[in-house]
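Below you'll find the structure, written out as structure tokens, and then a few comments.
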Amino acid sequence: STRDHAFNILLSTTLSRLGSRTWEFATPLLLLEWSPGSLAAPASLGLTCALFRTIVSPWLGKLADEWDRMSTVWIGTSMQAAGCLISVGALLLFNFSTTGMVIQNNDVNGNASLIRL
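In this note's numbering, the protein residues as written are 374 to 490.
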């Protein structure tokens, strides 16, 4: 029915927006944790996002108006997922390149020591 369809659209939009906003909130905090004492990384992220939205949004809006709605939804969601995966990979790469990989080693007595690779 129309009511069920409207509820499904509302639910999917809410979940998508919640995930997006959570990611936008958490990423600068993570960058601050990985680069203490410097605002360069979160500021660069904010500038990059703002410039991208300013430059690309009008073009994407024009394309979205020309396409059918389902194609627009699928492409937008796929691009959002790809962007999240790429940024997680970039953040992990940044973290490993600056701190190295740390492994916890337990001896037979249960004493823990950290090994930096």
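Quick reminder that beta carbons are idealized off the backbone N, C-alpha and C, glycines included.
Exercise for the section: Taking 8 Å as the cut-off, decide whether the C-beta atoms of residue 468 and residue 396 are in contact. Expected result: Indexing the sequence shown from 1 puts residue 468 at position 95. Indexing the sequence shown from 1 puts residue 396 at position 23. No. Outside cutoff.
Practice task
Thinking residue 400 and residue 418 are a contact (beta carbons under 8 Å), I'd like their distance in whole angstroms, please.
Solution key: Numbered from its first residue, the sequence shown carries residue 400 at position 27. Numbered from its first residue, the sequence shown carries residue 418 at position 45. Between residue 418 and residue 400 the Cβ distance is about 6 Å, and since that is below 8 Å, they are a contact.
Problem - Cβ-based burial, residue 404 [other Cβ within 10 Å; buried from 16] - result: The count along the sequence shown starts at 1 and reaches residue 404 at position 31. Classification of residue 404: buried, given that the 10 Å Cβ count is 16 or more.
Handout entry: Proximity below 8 Å, CB of residue 450 to CB of residue 437
Key = Locating residue 450 in the sequence shown gives position 77, where the first residue counts as 1. Locating residue 437 in the sequence shown gives position 64, where the first residue counts as 1. Their beta carbons are not under 8 Å apart, which means residue 450 does not touch residue 437 by this criterion.
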